[in-house]
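In this text, residue positions in the sequence shown follow this note's numbering: the first is 439, and each later residue adds one.
I have placed the structure first, in the form of structure tokens, so that the comments after it can refer back to it.
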Amino acid sequence: MEQGRLLLALFCHILYNYIRFAFGLLAILPIILLGGCAETVLIAHSAKKIREFNSSTDRKGYYKVGTPYKIKNVWYYPKVDYSYDETGIGSWYGPNFHQKLTANGEIFDQNALSAAHRTLPMPSVVRVTNLENGRALVVRINDRGPFAHGRIIDLSRRSAQLLGFKRQGTAKMRVEILPEETRQEIVKIKGEYVQNDRMMASNAPVPDAVPVTTVSVKSLAQVPGTSIQKIKQPLNSNKPQDKRLSGVQLTKASRASKVQYYKVKESHIFVQAAAFSTKDSANRLKNKLSNVGKTGVYQTVINGKVFYRVRIGPFSNNAPADEALSNLIENGFPGARIIISNKK
439 MEQGRLLLAL
449 FCHILYNYIR
459 FAFGLLAILP
469 IILLGGCAET
479 VLIAHSAKKI
489 REFNSSTDRK
499 GYYKVGTPYK
509 IKNVWYYPKV
519 DYSYDETGIG
529 SWYGPNFHQK
539 LTANGEIFDQ
549 NALSAAHRTL
559 PMPSVVRVTN
569 LENGRALVVR
579 INDRGPFAHG
589 RIIDLSRRSA
599 QLLGFKRQGT
609 AKMRVEILPE
619 ETRQEIVKIK
629 GEYVQNDRMM
639 ASNAPVPDAV
649 PVTTVSVKSL
659 AQVPGTSIQK
669 IKQPLNSNKP
679 QDKRLSGVQL
689 TKASRASKVQ
699 YYKVKESHIF
709 VQAAAFSTKD
719 SANRLKNKLS
729 NVGKTGVYQT
739 VINGKVFYRV
749 RIGPFSNNAP
759 ADEALSNLIE
769 NGFPGARIII
779 SNKK
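Next comes the structure, spelled out in structure tokens:
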């Protein structure tokens, strides 16, 4: 009998301790669960931060025209120009700038269809035509450059591949702005952020006419690849269009970012020293530059106005043209540039 009471007392003691343990567990369970939730939230927050950091590579940047700037003694004046259409030598850039910030705050992607331009607003949409093989591509301007005087555009690596000049590095190009696509791009990006420039290009000072009287022609050496000869008669043309572009038979091209193909004609490389509204001024400059190489005066009509362009060349390739251009710039012709013109 006494033994039974002892067993019952032992059972009650064990049961009592078990109940105490159970109630204690229930009391701390919310704390354990809350601690686990807090850790989960912390992990999720950290993951979000990582995602936000990675998404910074998709930065949309901001709309930017920019203020005048000077590179290698030449001033450039960024501006809005929906009539922009220029020929010259194009190049490409990529590996050394991949994933770095562009001039308007985007992340440069060498595999995207983009380009750098010296004066067009960012972003702008342009059609680039390789005048050597007829390939054309629509690309987006989101950076400043190129900073070599003899180049008019710096394309991304992928753009260079599609235009077929990545291996050679440079090619004769035509660059023309697409106004409608550019306006749409600006509206899209302005919804994100707009940078207020201190001075827009429309208010920037316009460079004066080439100071011919200050040029020392004696110091200009003859450029290899050209021959000195007299021009019997300046080329005259009554056509309202600039013949340099007639080799590209443009139809209504697709606006999609894919390669288009156009028929092209053989073309020459010239260095244009200056353009004048009077023939006498053009002839005076032609005579001053006659010891540099073959120099001519070419008449054109733009928007109903007659202009006389003084050009040196033609050149067979980029190298002598680059040398002639540098020579002119160093001797007082900061507005000199390389242009492409059809062979006669």
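Beta carbons are placed, not taken as given, at the ideal position from N, Cα and C, and that holds for glycine.
What you are looking at is a predicted structure, and each value in this text was computed from that prediction instead of being measured.
Taking C-alpha atoms, which residue in the options lies nearest to residue i?
| i | options | result |
| --- | --- | --- |
| K732 | Y746, G751 and D718 | G751 |
| A712 | R596, L727 and I579 | L727 |
| I776 | K502, E524, K510 and Y501 | E524 |
| P506 | K724, S521, R582 and N729 | R582 |
| G734 | E619, N725, I740 and T620 | N725 |
| V709 | V702, T716 and R747 | R747 |
| S521 | N780, S552 and P559 | P559 |
| Q537 | P584, Y501, W513 and S594 | S594 |
| L551 | K717, D718, R596 and K510 | R596 |
| A553 | I591, E544 and F585 | I591 |
| I627 | F771, Y501, P758 and N511 | Y501 |
| P584 | K701, V512, P758 and A720 | V512 |
Following the continuous beta strand (DSSP E) through residue i, name the residue where it begins and the one where it ends.
| i | result |
| --- | --- |
| T620 | Not the beta strand (DSSP E): T620 falls in the alpha helix (DSSP H), residues P617 to K628. |
| S565 | Before going on, a small fix: residue 565 reads as Arg here, not Ser. S562 to N568 is the extent of the beta strand (DSSP E) around R565. |
| D592 | I591 to S594 |
| K508 | Y507 to I509 |
| V512 | V512 to Y514 |
| T525 | D523 to Y531 |
| V709 | S705 to F714 |
Tell me which same chain residues have a C-beta within less than 6 Å of the C-beta of residue i, skipping the five on either side of it?
| i | result |
| --- | --- |
| V697 | R573, L575 and L600 |
| P516 | V503, G504, T557 and A639 |
| F535 | F546 |
| T540 | F546, N580 and D581 |
| L683 | With a pLDDT of only 41 at L683, under the threshold of 50, the placement of this residue in the model should not be trusted, and no figure is reported. |
| A720 | F714, V735, Y746 and V748 |
| K717 | Y746 |
Helix, strand or coil for residue i? Go by DSSP, reduced to three states.
| i | result |
| --- | --- |
| N769 | coil |
| P584 | coil |
| A541 | coil |
| N729 | coil |
| N780 | strand |
| L558 | coil |
| F753 | strand |
| A609 | strand |
| F745 | strand |
| A762 | helix |
| Q599 | helix |
Since residue i is in the alpha helix (DSSP H), which residue starts that stretch and which ends it?
| i | result |
| --- | --- |
| A720 | K717 to K726 |
Does the beta carbon of residue i fall short of 7 Å from some heavy atom of the ligand PLP?
| i | result |
| --- | --- |
| E618 | As for the ligand PLP, it is missing from this structure, which has no ligand bound. |
For residue i, I'd like the list of residues in its chain whose CB is within less than 7 Å of its CB, leaving aside the five on either flank, ordered along the chain.
| i | result |
| --- | --- |
| V479 | The predicted position of V479 is uncertain, since its pLDDT is 38 and thus under 50; a value taken from the coordinates is nonetheless stated next. Closer than 7 Å at Cβ, skipping near neighbours: no residue. |
| F603 | N568 and A609 |
| S705 | L569, K610, G685, I778, S779, N780 and K781 |
| P617 | Y520 |
| Y699 | G572 and R573 |
Since residue i and residue j are thought to touch, with beta carbons under 8 Å apart, how far apart are those beta carbons, to the nearest angstrom?
| i | j | result |
| --- | --- | --- |
| V566 | V613 | 5 Å |
| G499 | N542 | 4 Å |
| T608 | G528 | 7 Å |
| E570 | K508 | Contact flag wrong, Cβ pair sits at about 32 Å. |
| G588 | D760 | 5 Å |
| Y736 | R722 | About 15 Å; that fails the 8 Å criterion. |
| N780 | K703 | 5 Å |
| A586 | W530 | That belief does not hold up - the Cβ atoms of A586 and W530 are roughly 12 Å apart, past 8 Å. |
Excluding the 5 residues flanking residue i on each side, which residues of the same chain have their C-beta closer than 8 Å to its C-beta?
| i | result |
| --- | --- |
| E623 | P561, S562, V563 and R578 |
| S715 | K743, V744, F745 and Y746 |
| A762 | V661, T664, V709, V730, G731, I750, G751 and F753 |
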